[in-house]
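Colleague:
Below, the structure is given as structure tokens:
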């Protein structure tokens, strides 16, 4: 009896697991609702995270597009301004060149105004000289006028005078001035080396050269004297 009491006195007492008892005592629908609440919270967190990621990605893309547009607009504006400046600089350069050209042209024309009349005469004489040297374009009227002028300007010649003309001019001169020349003591002779329209008067102590060649050289010399020296030298032959 005493041993039984002793064993009963020293036996350890452990409290029962009340949670198990409480869980066992809860109705089944209440446990299912708690589980659904946790699952809903987890799903809500997942959706929130996905929405934040999509929003961040979309914001990043929009920011890149906006930055690209801003950079493109700025580059286009800067390029336009630079192109405008380059065009203005080029235009100013061309304008300066044109101004220099006009000044040089004005100075050149000022010099041409003084030389042009003589230069045109020089060209005309050169062309006429080529023609006269190639074909007998003069007729007897030229030498007739020349001889009449010589008779008027030089009425006094000593001794016998000889008048040389081109053979083709001789018949016309004999018919028009034959008697006059004889009365003055002149002899009318032909010289095939002369050009038509020219003549030579030979006296005992003098000679008058009225050939076309000589008159041509005299005319050219007069023209040279009217030109500047550097332009006159070698221009007329």
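Residue numbers (this note's numbering): -3 to 233.
Idealized CB from N, CA, C, for every residue including glycine.
Per the DSSP calculation, residue 159 is bridged to which residue(s)?
Modeller: 184, 197
Colleague: Taking the C-alpha atoms as reference points, what is the distance between residue 38 and residue 46?
Modeller: 12 Å
Colleague: Measuring straight from C-alpha to C-alpha, what distance separates residue 229 and residue 189?
Modeller: Unreliable placement is indicated for residue 229, whose pLDDT of 37 sits below 50; the coordinate value is still reported in the next sentence. Residue 229 and residue 189: Cα-Cα distance of roughly 28 Å.
Colleague: For residue 60, which residues in the same chain have their Cβ closer than 8 Å to its Cβ, ignoring the five residues on either side in sequence?
Modeller: none
Colleague: Where does the unbroken alpha helix (DSSP H) through residue 173 begin, and where does it stop?
Modeller: Taken as a continuous stretch (DSSP letters only), the alpha helix (DSSP H) holding residue 173 covers 166 to 179.
Colleague: Around the Cβ of residue 160, are there at least 16 other Cβ atoms within 10 angstroms (buried) or fewer (exposed)?
Modeller: buried
Colleague: Give me whichever residues DSSP pairs with residue 203 in a beta bridge.
Modeller: 198
Colleague: Give the secondary structure of residue 63 by DSSP, where H, G and I count as helix, E and B as strand, and everything else as coil.
Modeller: helix
Colleague: Quick check: what's the CA-CA separation for residue 76 versus residue 56?
Modeller: 30 Å
Colleague: Consult DSSP for residue 189 and reduce its assignment to one of helix, strand or coil.
Modeller: coil
Colleague: Compute the Euclidean distance between the alpha carbons of residue 170 and residue 186, then round it to the nearest angstrom.
Modeller: Residue 170 and residue 186 have their C-alpha atoms spaced approximately 11 Å apart.
Colleague: Report the option in 164, 158, 165 whose CA atom is closest to the CA atom of residue 180.
Modeller: 158
Colleague: Below 7 Å between beta carbons: does that hold for residue 164 and residue 192?
Modeller: yes
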